[in-house]
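In our numbering, the protein residues as written are 1098 to 1385. Glycine included, each C-beta is placed from N, C-alpha and C at the ideal position.
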């Protein structure tokens, strides 16, 4: 199977789901423009506050209103960034639902897949074309957003509303885990759609499976890399055994961000590969 073999089926897939794809692209572009604009706005507010001679640390007479305005607008941006990160964390569930339901389950349920299979499109090519579209969208858009989110997180609200790397949902939106988890959602959706073959049950099963993996890794995350013993500095920890300011607490400093992200990404990609192999094997066995 070559890329040229997939060109026709991919065009069909894009045409069938063009409205969803255009809406996703428009939303991604909107977020890509809004986040840098928000960061610039917060920085400009900080510069304006500094120009007045007022300081958040020590509010003197006449500075109450400017300081409150700066802090409230900074908090609004932090909340907006929180919701965007939450949406990225929920993306695997949405992808699983989309692939399991409209992309695969609905065609199997209605029988429309037979039309393509009767036109010299093999079942393997049909499935590969269905998966190529969401995989390409994830690989083209999500890494750029992850890099943008990591840039936004550093330097915007560090002083007053810090965005800690280890806090949900930011951890899942500022590193390769976001991409790996999205790819797992696609793989789980494909397997659920093929196994169940009906839209609504496949969507429910795919979302439940993706959510289960996400919750399990969230619980196991502190143990994916050896923790350090000793005092925790700067709050960059997952606490194992009590208050983070206690001497001898086991913790993960920020230097563990990349090891933890890479280990978790490897687990997610391995699970995704297993699900994809199982999906193609199931399709081949059914349609010999």
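Closest residue to residue i among the options (Cα-Cα distance)
{"i": "residue 1372", "options": "1132, 1287 and 1165", "result": "1287"}
{"i": "residue 1386", "options": "1364, 1285 and 1322", "result": "The structure shown has nothing for residue 1386, since the chain only spans 1098 to 1385."}
{"i": "residue 1107", "options": "1226, 1125 and 1366", "result": "1226"}
{"i": "residue 1166", "options": "1185, 1141 and 1184", "result": "1141"}
{"i": "residue 1352", "options": "1312, 1376, 1325 and 1368", "result": "1325"}
{"i": "residue 1186", "options": "1204, 1299, 1117 and 1264", "result": "1264"}
{"i": "residue 1223", "options": "1291, 1310 and 1281", "result": "1291"}
{"i": "residue 1184", "options": "1124, 1237 and 1233", "result": "1124"}
{"i": "residue 1244", "options": "1161, 1301, 1128 and 1190", "result": "1128"}
{"i": "residue 1235", "options": "1218, 1212 and 1274", "result": "1274"}
{"i": "residue 1298", "options": "1359, 1189 and 1199", "result": "1199"}
{"i": "residue 1281", "options": "1182, 1191 and 1218", "result": "1191"}
{"i": "residue 1170", "options": "1148, 1114 and 1143", "result": "1143"}
{"i": "residue 1113", "options": "1370, 1131, 1241 and 1204", "result": "1204"}
{"i": "residue 1188", "options": "1209, 1210, 1242 and 1375", "result": "1242"}
{"i": "residue 1251", "options": "1272, 1118 and 1232", "result": "1272"}
{"i": "residue 1232", "options": "1370, 1382 and 1378", "result": "1370"}
{"i": "residue 1320", "options": "1246, 1347 and 1268", "result": "1347"}
Simplified DSSP assignment, three categories, for residue i
{"i": "residue 1054", "result": "With the chain running from 1098 to 1385 in the structure shown, residue 1054 is simply not present."}
{"i": "residue 1325", "result": "strand"}
{"i": "residue 1353", "result": "helix"}
{"i": "residue 1337", "result": "Because residue 1337 sits at a pLDDT of 42, beneath the cut-off of 50, its placement in the model cannot be relied upon, and the following sentence gives the value as read from the coordinates. Coil at residue 1337, not helix or strand."}
{"i": "residue 1295", "result": "coil"}
{"i": "residue 1116", "result": "helix"}
{"i": "residue 1347", "result": "strand"}
{"i": "residue 1157", "result": "coil"}
{"i": "residue 1258", "result": "coil"}
{"i": "residue 1152", "result": "coil"}
{"i": "residue 1282", "result": "helix"}
{"i": "residue 1202", "result": "helix"}
{"i": "residue 1383", "result": "helix"}
{"i": "residue 1273", "result": "coil"}
{"i": "residue 1268", "result": "helix"}
{"i": "residue 1290", "result": "helix"}
{"i": "residue 1251", "result": "coil"}
{"i": "residue 1143", "result": "helix"}
CB of residue i within 7 Å of CB of residue j, strictly
{"i": "residue 1296", "j": "residue 1175", "result": "no"}
{"i": "residue 1316", "j": "residue 1361", "result": "no"}
{"i": "residue 1307", "j": "residue 1193", "result": "yes"}
{"i": "residue 1164", "j": "residue 1151", "result": "yes"}
{"i": "residue 1196", "j": "residue 1260", "result": "no"}
{"i": "residue 1220", "j": "residue 1366", "result": "no"}
{"i": "residue 1177", "j": "residue 1239", "result": "no"}
{"i": "residue 1180", "j": "residue 1262", "result": "no"}
{"i": "residue 1293", "j": "residue 1136", "result": "no"}
{"i": "residue 1300", "j": "residue 1110", "result": "no"}
{"i": "residue 1258", "j": "residue 1172", "result": "yes"}
{"i": "residue 1363", "j": "residue 1266", "result": "no"}
Whole-number beta carbon distance between residue j and residue i, since they are thought to touch under 8 Å
{"i": "residue 1289", "j": "residue 1270", "result": "With a Cβ gap of about 25 Å, residue 1289 and residue 1270 do not count as contacting."}
{"i": "residue 1310", "j": "residue 1228", "result": "Their Cβ separation, rounded to whole angstroms, is 18 Å, which puts residue 1310 and residue 1228 out of contact at 8 Å."}
{"i": "residue 1349", "j": "residue 1357", "result": "7 Å"}
{"i": "residue 1153", "j": "residue 1132", "result": "Incorrect: roughly 23 Å between the Cβ atoms, too far for contact."}
Length at least 4, wholly inside the segment 1210-1247: the alpha helix (DSSP H) runs in chain order
1210-1214
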